[in-house]
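Numbering (UniProt numbering), first residue to last: 1 to 439.
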Amino acid sequence: MSNRTSLQKRLGIALTFGVTLLWLLGVTASGLVAQHEMNEVFDSALQETAQRVLPLAVTGILNREIGARNETAPALEEHDEHLTYVVRDRQGKILLQSHDADPDVFATLPRKGFSNTSTHRIYGASAVSDTIYIEVAEPLAHRREAALEAGLALLMPLLFLIPVSLLGVWWVVRLSLRRVVEFQQSIESRGAGDLSPVEGGRLPAEFEPVAVAVNRLLERLLRALETERSFTANSAHELRTPLATALAKVQRLKTEVHSDPLRTRVGEIEEALRSLAGLSGKLLELAKAEGGGAISQDQHNLVPILTMVVGDFEGEAPGRINLTLPGREANSFLDPDAFAILARNLIENAVKYGSPDQPVEVSLTADGALRVRNGGNLIPPDQLALLRNRFVRATTHGPGSGLGLAIADAIAEGAGMTLVLRSPATGCGDGFEAEIYLV
Ligand SMILES: Nc1ncnc2c1ncn2[C@@H]1O[C@H](COP(=O)(O)OP(=O)(O)OP(=O)(O)O)[C@@H](O)[C@H]1O
Ligand SMILES: [Mg+2]
1 MSNRTSLQKR LGIALTFGVT LLWLLGVTAS GLVAQHEMNE VFDSALQETA QRVLPLAVTG
61 ILNREIGARN ETAPALEEHD EHLTYVVRDR QGKILLQSHD ADPDVFATLP RKGFSNTSTH
121 RIYGASAVSD TIYIEVAEPL AHRREAALEA GLALLMPLLF LIPVSLLGVW WVVRLSLRRV
181 VEFQQSIESR GAGDLSPVEG GRLPAEFEPV AVAVNRLLER LLRALETERS FTANSAHELR
241 TPLATALAKV QRLKTEVHSD PLRTRVGEIE EALRSLAGLS GKLLELAKAE GGGAISQDQH
301 NLVPILTMVV GDFEGEAPGR INLTLPGREA NSFLDPDAFA ILARNLIENA VKYGSPDQPV
361 EVSLTADGAL RVRNGGNLIP PDQLALLRNR FVRATTHGPG SGLGLAIADA IAEGAGMTLV
421 LRSPATGCGD GFEAEIYLV
């Protein structure tokens, strides 16, 4: 896989981040509204308390003996007070206070209405022609705590929302992209030679045009390759008969000519026609190799085919080829004809380019490894890398068109196998080795 960011990851993070941000904005807005409403409710409670307590306090104070001291309202049972109050006269002298009330919280002189200190919210009311004042105080910390708790309660779902959103987005994106991933894998897994249309019928609508475009391109490519292949095959085929006829005629002419110089020239023409026939034969093999069909439906034993191909070279290089075969069958799905062409080209090269005083080693193992080795000069790595290209030759002397290894490579590629070329041969200081696993 490449190091590009995955769509799934990017969408997962972006959507989760977006949802979280929106949620935070929502929480802030609702928190502010809730705080405003709570303040109204708390203020109303403060006012209500003051107005309820004041008549009772006034009655109690007026019924007291004149000159009695400030009194603290008794608590029926032990409790914390959120609301504390003091009842004072106009000069600020305390007449009555709730049991937890701290007189320092209030201003020196009583005041009516709502006011704030740094720590408390206070509401004051008066009675008896503004001679008796009540002031009820509520700690601001109490309100802050209430607002904080409400805010936290709203934030709490985020703890679940973030992982759930990440998982949900990841899952939905994965589900939606499943067909696209399958499409990508089907393109990735096909061999370079497979030009059959890709399956894009179940892709999401946005991706369908890609599949259509890919198929159109594959179709054009297939058509172009087929045209090229059939042109090569047809021309090679068409050349065969006239070349064979010309060769036969030239050979007959050679026997009829009695002058030596003329016979030499006719011999040269014969040689040229022979190499032309060889080239047309190789072109036909290349067209077949590139046309695919290197794999057959059933397995075939390669041992007798290799024995036959090596036998064909006996006349040309008697006793030079050392053939090593497995004791049992070596079966492969490689098409027998394709295998014969492949082996013939590799052995032909070994016989042609190997040093004549060294044997050509041809071996086939039971696990299907074919190795063809010969002695000879080293081929530099940069040249070796190019040999499987068409019309490329390292040795330019001697007849040859530079197509043999291209044919072998096309057959190997068509069958999904790899042809390995080495120089020097394994375990030697020089020479050449071709190896292919035919399973
Ligand atoms: N066994 C080998 N030993 C040394 N050199 C080799 C061997 N096989 C191939 N080569 C080099 O690789 C070149 C390309 O080989 P290839 O079989 O493709 O073409 P060719 O033999 O020149 O022509 P053709 O096979 O078409 O008649 C050869 O010209 C030769 O230089
Ligand atoms: Mg060759």
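For each residue, glycine too, the CB sits at the ideal point set by N, CA and C.
Query, Result
"Consult DSSP for H36 and reduce its assignment to one of helix, strand or coil.", "helix"
"So, is the C-beta of L195 closer than 9 Å to a C-beta in chain B?", "Any reference to chain B falls outside this structure, which holds one protein chain only."
"What do you reckon, is the C-beta of K352 under 8 Å from a heavy atom of ligand 2?", "yes"
"Write down every uninterrupted run of the alpha helix (DSSP H) in the region 355 to 428 whose length is 4 residues or greater and which is fully enclosed by it, in chain order.", "381 to 384, 404 to 414"
"If we ignore side chains and look at the alpha-carbon of each, how far apart do R320 and V310 end up?", "10 Å"
"Q299 lies in the alpha helix (DSSP H); which residues open and close that run?", "Counting along the chain, Q299 falls outside any alpha helix (DSSP H), though it belongs to the beta strand (DSSP E) covering 295 to 301."
"Where does H120 land, buried or exposed, given buried means 16+ other C-beta within 10 angstroms?", "buried"
"Using a Cβ-Cβ cutoff of less than 6 Å, which residues in the same chain neighbour L342 once the five nearest sequence positions on both sides are dropped?", "A408, I411"
"Is the closest heavy atom of ligand 1 to the C-beta of N322 under 8 Å?", "no"
"Use the C-beta contact count for R52: other C-beta atoms within 10 angstroms, 16 or more gives buried, fewer gives exposed.", "exposed"
"Of the choices L25, S6, H237, F313, whose alpha-carbon is the least far from that of G151?", "L25"
"Cβ of N374 within 8 Å of any heavy atom in ligand 1?", "yes"
"Judging by CA-CA distance, which residue of L253, G293, T227 is the nearest neighbour of V266?", "L253"
"Let's see if you can read the secondary structure: which residues bound the alpha helix (DSSP H) around V280?", "Val is not the amino acid found at residue 280; the sequence shown has Ser there. Looking at the DSSP string, the run of the alpha helix (DSSP H) that includes S280 is 260 to 290."
"If you measure from the CB of G281, is any heavy atom of ligand 2 nearer than 8 Å?", "no"
"Per DSSP, which residues does S44 bridge with? Please list them.", "BP columns for S44 are empty, so no partner."
"Are there any heavy atoms of ligand 1 lying less than 8 Å away from the beta-carbon of G327, as far as the coordinates show?", "no"
"Does the separation of the CB atoms of L384 and R422 fall below 9 Å?", "yes"
"Report the partner residues of Q91 according to the DSSP bridge assignment.", "DSSP, once it has assigned bridges, lists no residue as partnering Q91."
"What is the DSSP secondary structure of A127, counted as helix, strand or coil?", "strand"
"Straight-line CA distance for V270 to G354?", "The sequence shown places Glu at residue 270, not Val. Between E270 and G354, the C-alpha separation is close to 26 Å."
"Looking at C-alpha atoms only, which residue of R388, P380, P110 is the closest neighbour of G429?", "P380"
"From A272 to G315, what does the alpha carbon distance come to, in whole angstroms?", "22 Å"
"Rounded to whole angstroms, what's the CA-CA distance from L11 to L306? Just pull it up for me.", "58 Å"
"If we count the other Cβ atoms within 10 Å of its Cβ and call it buried at 16 or more, is Q97 buried or exposed?", "buried"
"How would you call T16, buried or exposed, if buried means at least 16 neighbouring beta carbons within 10 angstroms?", "buried"
"Counting only runs that start and end within the region 148 to 196, where is the alpha helix (DSSP H) found for 4 or more residues in a row?", "178 to 189"
"Taking all protein chains shown into account, do 16 or more other C-beta atoms lie within 10 angstroms of the C-beta of R371, making it buried, or fewer, making it exposed?", "buried"
"Comparing alpha-carbon positions, which option in P204, A233, A153 lies nearest L279?", "A233"
"A206 by DSSP, collapsed to three states: which one?", "According to the sequence displayed, residue 206 carries Glu and not Ala. Coil, per DSSP."
"Under 8 Å: does the beta carbon of L403 sit that close to some heavy atom of ligand 2?", "yes"
"Kindly indicate which residue of E37, S275, V198, G427 has the alpha-carbon position closest to the one of L243.", "S275"
"Is the beta carbon of A57 sitting closer than 9 Å to the one on I132?", "yes"
"Could you please give the first and the last residue of the uninterrupted beta strand (DSSP E) stretch that includes F114?", "113 to 116"
"Enumerate in chain order the residues of its own chain whose CB-to-CB distance from A127 is below 6 Å, with the five nearest sequence positions on each side excluded.", "L54, V58"
"Select from K288, D312, G376 the residue whose C-alpha is nearest the C-alpha of A415.", "K288"
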